[in-house]
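Residue numbers (our numbering): 39 to 431. Only one structure is covered here, and it is reproduced in the block below.
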Amino acid sequence: MASGTKFVGATPIPFHRACLGEEEVAAVSEVIRSGWLTMGPKTFEFEAQFAKYVGARHAVAVCSGTAALHLALDAIGLKPDEEVLIPTTTFTATGEVVKYFGARPVLIDVNPVSLNIDVSAIEGAISARTRAIIPVHMAGQPCDMNELREIARARGLHVVEDAAHALPAEYEGRRIGCISELTAFSFYATKTLTTGEGGMLTTDSDEYAARMRVMRLHGISGDAWKRYGKNGSWFYEVVEAGYKYNPTDLQSALGLVQLTKCDASNDARRRIAGRYSAAFGDIGAFEPPITNPGRTSAWHLYILRLRLERLRIGRNAFIEQLKERGIGTSVHFIPLHLHPFYQRAYGYKKGDFPVAEAEFERCISLPIYPSLTDVDVERVIKNVKEIAIDAAR
Ligand SMILES: Cc1ncc(COP(=O)(O)O)c(C=O)c1O
């Protein structure tokens, strides 16, 4: 750190800190003491509570959000040489799961305000091979689900929602998780509900749920818990070549406790977002995030856009200065078409998606989590403002 920088003496504010308490410690301890660590009663209870929470008929727990997306595409029977439309502004998991099938992720530019898939660009990207759309609710703000569902209906496509950021979020009064045929959540360490690593699929389809339950555990009929339980039997059959995607009961015990805190944690995030936006809204160098009407955001991320034309420094220098002042930030996301893999495998190049590139160049994700204190929030605001004032043109 350069001498004379401003966080000497002050505790750094990390970009993220998982908010776990003694309740989680007790829940995990109980599982350890029970003697049954892998998928079992806690997982089935977590699934039931989660399904109820989002309003879906079924919830199927898995070991990651990536596994959830993979099993969702397996459920719809994605085939090699088919295509799946995804936004370029997302984490690579959204695209890599399409590649698992030998199918092709077809990238789409994003809406400059929401950073979600640009619905007006979808029709032009549909081909005879298009099978599905994976909308990603960036930062927790729901996509244009009515428009997406209408396109999907008219063109006979599946919709698999990537809701890694979207617990709990609502679209026209309905929770994300009960709108499309399949929705995939992530419980990765930084997510709004965390089990360290983990994920969940929700669906109203009995058929999809049954398939996903079999495929998450090696393609065997009946799970280990049932085999080893009091009334269980040693017998099982392998009916498919499945995956090892089940969660453990340690993770599910964490998830059950975290789920009870979900609403309060969302309120805390919304309050922090409100304070940031009130502070940054009247400063010319900033463009705070907007939640579109009829939606509520999970506020997984608070993405502040810089108006670079009003500043003498770029986004990277802005982040460096915040770091020197002890404030952790991140960037979501480097668009997929700028990564070597997507360029090499599919021929994408810089310039292909101008909106995603322009927004990427000017976005900063600020700390937003329930354990951020009022003093922390004030410190973030003060430092962000000071840097902008110092660097104003
Ligand atoms: C948009 C998006 N989709 C999918 C994933 C994958 O989730 P996981 O890390 O739980 O596999 C993530 C993040 O981690 C993500 O941000």
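From the three backbone atoms N, C-alpha and C, an ideal C-beta is built for every residue, glycine too.
Cβ neighbours of residue i in the same chain (closer than 6 angstroms, five flanking residues each side left out)
| i | result |
| --- | --- |
| residue 414 | 51 |
| residue 215 | 92, 94, 221 and 240 |
| residue 380 | 374 and 386 |
Spatial neighbours of residue i in its chain, beta-carbon cut-off 7 angstroms, leaving aside the 5 residues before and after
| i | result |
| --- | --- |
| residue 389 | none |
| residue 132 | 107, 124, 172, 174 and 200 |
| residue 315 | 326 |
| residue 39 | Caution applies to residue 39, whose pLDDT of 40 falls short of 50 and renders its modelled position unreliable; the value that the coordinates give is listed next. The answer, listed in chain order, is 362. |
| residue 286 | 75, 76 and 77 |
| residue 87 | 294 and 297 |
| residue 257 | 276, 277, 278, 279 and 280 |
With 16 other Cβ atoms within 10 Å as the buried cut-off, status of residue i
| i | result |
| --- | --- |
| residue 278 | exposed |
| residue 71 | exposed |
| residue 273 | exposed |
| residue 64 | exposed |
| residue 412 | exposed |
| residue 75 | exposed |
| residue 271 | exposed |
| residue 165 | exposed |
| residue 237 | buried |
| residue 378 | exposed |
| residue 147 | buried |
| residue 305 | exposed |
Rounded distance between the beta-carbons of residue j and residue i, thought under 8 angstroms
| i | j | result |
| --- | --- | --- |
| residue 239 | residue 429 | Wrong, their Cβ atoms sit about 45 angstroms apart, outside the cutoff. |
| residue 231 | residue 296 | 5 angstroms |
| residue 25 | residue 401 | In the structure as shown, the chain begins at 39 and stops at 431. Residue 25 is therefore absent and cannot be evaluated. |
| residue 307 | residue 408 | 7 angstroms |
| residue 211 | residue 84 | So it is not a contact: roughly 25 angstroms between Cβ atoms. |
| residue 283 | residue 100 | 5 angstroms |
| residue 153 | residue 341 | 7 angstroms |
| residue 345 | residue 317 | Going by Cβ atoms, the distance from residue 345 to residue 317 rounds to 16 angstroms, so no, they are not a contact pair. |
| residue 178 | residue 370 | Contact doesn't hold; Cβ gap of about 11 angstroms is too wide. |
Residue i Cβ short of 7 angstroms to ligand 1 heavy atom set
| i | result |
| --- | --- |
| residue 203 | yes |
| residue 129 | yes |
| residue 335 | no |
| residue 174 | yes |
| residue 224 | yes |
| residue 103 | yes |
| residue 112 | no |
| residue 76 | no |
| residue 188 | no |
| residue 132 | yes |
| residue 244 | no |
| residue 215 | no |
| residue 147 | no |
| residue 235 | yes |
Own chain residues within Cβ distance below 8 angstroms of residue i, not counting five before or after
| i | result |
| --- | --- |
| residue 48 | 364 and 417 |
| residue 12 | There is simply no residue 12 to check, as the chain begins at 39 and stops at 431 in what is shown. |
Residue i CB to nearest heavy atom of ligand 2 below 7 angstroms
| i | result |
| --- | --- |
| residue 200 | Because ligand 2 does not appear in the structure shown, any question about it cannot be addressed here, the ligands present being ligand 1. |
Quiz item: Which residue spans inside the segment 74-157 form an unbroken alpha helix (DSSP H) run of at least 4?
Solution: Entirely contained in the segment 74-157, the alpha helix (DSSP H) runs reaching 4 residues are, in chain order, 79-92, 103-113 and 131-138.
Self-check item: Length-filtered (3 minimum) beta strand (DSSP E) runs lying within the segment 153-234
Solution: Secondary structure in the segment 153-234: the beta strand (DSSP E) runs of 3 residues or longer, each lying completely within the stretch, are 168-171, 196-200 and 220-224 in chain order.
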